[in-house]
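A.B. asks:
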Amino acid sequence: MAGRIEDYALIGDMQTAALVCRDGTVDWLCLPRFDSHAIFAGLLGTGEHGFWRLGPAYAPGAEPPTAARRTYRGDSLVLESEWDTPRGTVRVIDFMPPRDGAPQLIRIVEGVSGRVPMRSELRMRFSYGRVVPWVRKQEGRTVAVAGPDSVWFDTEAETYGKALTTYADFTVAPGDRIAFTISWEPSHKEPPALPEPEQSLVATEDFWRDWVEHCTYHGPYREAVVRSLITLKALTYAPTGGIVAAPTTSLPEDIGGVRNWDYRYTWLRDAAITLSSLLRTGYREEARAWREWLLRAVAGDPENLQIMYGIAGERELGEAELDWLPGYEGSTPVRVGNGAAHQLQLDVYGEVTEALHLGHMTGLARNDYASVLQLKLIRYLEDHWNEPDEGIWEVRGPRRHFVHSKVMAWVAVDRTIKLIESGDADGPLERWKQLRDDIHRDVCEKGYDKERNTFTQSYGSQALDASLLLIPQMGFLPPDDKRVIGTIEAIQRELSTSDGFILRYPTDGEDEGVDGLPGDEGAFLACSFWMADDLAMIGRVDEARKLFEKLLSLRNDLGLLAEEWDPRLQRQVGNFPQAFSHVPLIDTALRLTASGAYGG
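603 is the number that our numbering gives the last residue of the sequence shown; the numbers go up by one with no jumps.
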């Protein structure tokens, strides 16, 4: 059985990623890309669906021991796990070198004290656990082949096969170092080069150390900010600059429920806010690469902007269900692909335009096509801003006039007006100023409940929505506006959990709610960070700091966050780690630091 979501560590090479549990088991790895088929899918099933455990040997029928300690080596994505056993202490170092050739997952066992019996148990199952590969020895190496894929397993330890699994049993003493590597290669090509684990370890540490040195944030929350930045970098697909929302699919928002989605794609919204955080902390190159990805993905059809694309800009992300996988803790269906790709979500026009605007304001080198794209997006919004849509939360119920969507349409027009006023683009300035005023008036008249002094989720609705917290952050209204303060306080009353975190919107249990789905979900962590931001903006800085530091306490021992927090089960839920949680963590840290609202 897979571990709790927060029991996992992330390692990756900026083209794919693996999740390593506390007991030394890799339960999730897709090769060669984030969105490829998994060769270890035990996370969404059982051991029969693929895993790789490396740790102290244990008795048959017993539970594998969990590491007593684990940490990342400094500011890197190199994981160290240590076990204290009756026979001594052993360390396992896990990492994926930034790719220069075949993708590799390298695991180095190091003896610390005593003599510790160890076992490597490698069970590769291709196509999300469905296909048992043909495993054979070739020139002293072990290779597993299935269709177009081959995975090569290299180690100095003696290996043997049993029950369609590759084992190695060995003992380590102080100073011993034994490396294990798997490398992926298309099955029709020559074998990948022999790995060089120790040299790769040095190069990987050097890469991350050099990258972190570019961070311009040196405030009191630096540890949390840097770990979040490293996580965001790890979720970036280096060849194209695309940024995945998370490296996993179908980790449930409601354990045992149906709210299970594939997040291994690039949402324009998530990527745009990620770009914003990177720019604010000194990472222009990543921002430039994302902008180039955007221009390629949207090229030729900007009027039909999708809410998400593949990591190389693919448009077709057809959704399917993998019925042979029982799901994480019985949460089915397990989905790959995402049918929301072709939804109408008008807010993405605002997020993309805001990201392009921020790049322009922070000195990102000018790109003429980016300005052309921005103007085309506004021309589309001129004709479509007043239509209903599926909104930021990708509801699968009827379209509505979501207030947040209209606010972000206003943002898109406002930022484009600023671009024209700066002299870097030409457009119908007066006409678009009138459009900006029209959208603003429409939202304030139709999306505001005067009796309750709050904006609402959609026109004519009584329900609230945490995305309304972005109204002051986007500059739609000033923080001291009574309607803003009223909305913040209403969300605190109606969407707050017992422990003070924020739900996205009301759900209706077994009945289908506004999102068209049965079941409930946890507190959405991004929304809780937004609340901390808003509280700071309206002068309630102590309250903001306490909420922020409470959110920091939800991170796992390695500083990682999933999408949501389940207040009933007191555990993380949703895909993991989640860019949409780590980005607002960074933004809130920057805001609180600027305001001086931090302890110590």
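We treat Cβ as the ideally placed atom computed from N, Cα and C, and that holds for glycine.
1. Considering only C-alpha positions, which residue in the set Asp-483, Pro-509, Ala-539, Met-540 is nearest to Ala-526?
2. Have a look at Phe-458 and Thr-490 and give me their C-alpha separation to the nearest angstrom.
3. Closest to Glu-492 by C-alpha separation, out of Pro-223, Ala-535, Phe-479, would be which residue?
4. Which same chain residues, not among the five before or five after Phe-43, have their C-beta less than 7 Å away from its C-beta?
5. Closer than 6 Å by C-beta to Val-228: which residues in its own chain qualify, once you throw out the five before and the five after it? Chain order, please.
6. Pick helix, strand or coil for Gln-476, following the three-state DSSP scheme.
7. Would you call Glu-567 buried or exposed, if buried means 16 or more other Cβ atoms sit within 10 Å of its Cβ?
8. Going by DSSP in three states, Val-112 sits in which element: helix, strand or coil?
9. Please go through the same chain and pick out, in chain order, the residues whose beta-carbon is closer than 8 Å to the beta-carbon of Ser-279, but skip the five residues on each side of it.
10. Quick check on Lys-409: buried or exposed, where buried means 16 or more other Cβ atoms within 10 Å of its Cβ?
11. Is Tyr-372 buried or exposed, if buried means 16 or more other CB atoms sit within 10 Å of its CB?
12. Here's the rule I'm using: 16 or more other beta-carbon atoms within 10 Å means buried, otherwise exposed. How should Val-205 be labelled?
13. Taking Cβ to Cβ, would you say Asp-265 is nearer than 8 Å to Val-339?
14. Does at least one heavy atom of the ligand SAH sit under 7 Å from the Cβ of Trp-435?
15. Looking at C-alpha atoms only, which residue of Thr-251, Lys-236, Asn-341 is the closest neighbour of Glu-289?
16. What are the uninterrupted segments assigned as alpha helix (DSSP H) that are 4 or more residues long and contained completely in the stretch 337-378, given in chain order?
17. Can you tell me which of the three DSSP states Trp-533 falls into?
18. Along the chain, where does the beta strand (DSSP E) containing Glu-188 start, and where does it finish?
19. Pull up the distance between the alpha-carbon of Gln-18 and that of Leu-281, whole angstroms please.
20. Which runs of the alpha helix (DSSP H) fall wholly inside the stretch 398-467 and span at least 4 residues, in chain order?
21. For Leu-572, does the count of other Cβ atoms within 10 angstroms reach 16, so buried, or fall short, so exposed?
22. Taking the alpha-carbon of Gln-465 as reference, which of Leu-498, Lys-379, Gln-581 has the nearest alpha-carbon?
23. Who are the Cβ neighbours of Gln-476 in its own chain at under 8 Å, not counting the five residues just before and after it?
24. If you measure between the beta carbons of Arg-128 and Val-135, is that distance less than 8 Å?
25. Buried or exposed: Asp-483, going by 16 or more other Cβ atoms within 10 Å of its Cβ?
26. Tell whether a beta-carbon distance below 8 Å holds between Asp-152 and Ser-190.
27. Along the chain, where does the beta strand (DSSP E) containing Gln-581 start, and where does it finish?
28. Decide if Leu-197 is buried, meaning its Cβ has at least 16 other Cβ atoms within 10 Å, or exposed.
29. So Ala-105 packs on Ser-186, CB below 8 Å; how close in whole Å?
30. Taking contact to mean 3 or more Cβ pairs, one atom from each stretch, closer than 8 Å, check whether the stretch 554-564 and the stretch 199-215 are in contact.
31. Work out the CA separation of Arg-139 and His-3 for me, nearest whole Å.
32. Helix or strand or just coil, what does DSSP make of Leu-13?
33. May I have the straight-line CA-CA distance separating Tyr-451 from Leu-308, to the nearest angstrom?
34. According to the Cβ coordinates, are Val-81 and Glu-199 closer than 8 Å?
35. Along the chain, where does the alpha helix (DSSP H) containing Pro-200 start, and where does it finish?
36. Within a Cβ cutoff of 7 Å, which residues of the same chain sit near Tyr-170, ignoring the five residues on either side of it in sequence?
C.D. replies: This is what the structure gives:
1. Pro-509
2. 6 Å
3. Ala-535
4. Val-29, Asp-30, Trp-31, Leu-32, Gly-53, Phe-54, Trp-55
5. Tyr-220, Ile-589, Ala-592
6. helix
7. buried
8. strand
9. Glu-357, Ala-358, Leu-361, Val-586, Asp-590
10. buried
11. exposed
12. exposed
13. yes
14. Looking at this structure, you won't find the ligand SAH or any other ligand, since it has none at all.
15. Lys-236
16. 350-364
17. helix
18. 180-189
19. 18 Å
20. 406-424, 432-449
21. exposed
22. Leu-498
23. Trp-533, Asp-536, Asp-537, Met-540
24. yes
25. exposed
26. yes
27. Note, Gln-581: premise wrong, no beta strand (DSSP E); not H, not E.
28. exposed
29. 4 Å
30. no
31. The displayed coordinates of the chain run from 4 to 603. Any statement about residue 3 would go beyond what the structure contains.
32. strand
33. 28 Å
34. no
35. 200-215
36. Arg-122, Ser-123, Glu-124, Thr-162, Tyr-163
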